[in-house]
Amino acid sequence: MKKQTNLISQNLTALRQYHKYSQEEVAEKVGVTRQAVAKWEAGETVPDIINCDALADLYDVSVDALIHHDQKESHIPIPPKGKHLFGTVKIGDRGQIVLPKKARDLFHIKSGDLLVVLGDENPGSAGIALIPGDTVLRNIAFLRDMLGSEKEVPNE
């Protein structure tokens with residue numbers, strides 16, 4: 001329990017400092033006293049589930065990350081809600097990669113699924129992304145149907 005209390009207090013302090021809030025501002029936004037926030041950050045007490053939820057919303061993180069994320073162990077800050085870092089993968093001789101199981105499970109990716117590979121060459125945001133093929137196909141079908149249903153207005 002002591003480790004958990006330390007994680008929560010460390011995470012609350014790090015998030016407040018990252019967002020540049022004072023303890024008074026956090027207290028006001030969550031609806032508690034400044035002393036309560038100070039005790040949470042000092043590890044003297046822990047916020048109840050209602051306050052954990054309010055704090056997670058304030059900082060845009062999941063309650064799970066607020067309670068369990070260990071920045072010292074992972075060497076990364078608490079990720080925003082809905083954002084994930086699954087680790088690193090090594091590219092095989094033929095360019096193949098194995099997606100981490102946690103990523104496959106979270107996004108329901110299984111053997112044989114079609115993924116679309118997107119790339120961004122912009123130096124500020126360069127990277128590769130994978131999108132489920134059925135999502136792309138649905139969006140293409142939607143656009144095709146939408147464009148096909150528009151009637152051309154004859155030029156007068």
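Under full-length UniProt numbering, the sequence shown has 123 at position 123, and the numbering climbs by one with no breaks.
Don't be surprised by glycine CBs; every beta carbon is placed ideally from N, CA and C.
Around the beta carbon of Ala129, fewer than 16 other beta carbons lie within 10 angstroms, which makes this residue exposed. The criterion of a C-beta distance shorter than 8 Å is satisfied by Asn11 and Leu66. By the criterion of at least three beta-carbon pairs nearer than 8 Å, the stretch 73 to 81 is not in contact with the stretch 90 to 109.
Under the three-state reduction of DSSP, Ile67 is assigned to helix.
In this structure, DSSP gives Gly95 a state outside helix and strand, which the three-state scheme calls coil. Beta-bridge analysis with DSSP links Val117 to Leu130. Counting along the chain, no alpha helix (DSSP H) covers Ile78, and no H or E run does either.
Cα atoms of Leu143 and Leu137: separation of roughly 10 Å, rounded to the nearest angstrom. In this structure, Val37 lies away from Ala54, with their beta-carbon atoms at least 8 Å apart. Where Tyr59 is concerned, the enclosing alpha helix (DSSP H) starts and stops at Ile49 to Tyr59. By the neighbour-count criterion, in which a residue is buried when 16 or more other Cβ atoms sit within 10 angstroms of its Cβ, Leu118 is exposed. Take the alpha-carbon of Val46 and the one of Gln35: they are about 12 Å apart. Rounded to whole angstroms, the separation of the alpha carbons of Arg16 and Ala56 is 11 Å.
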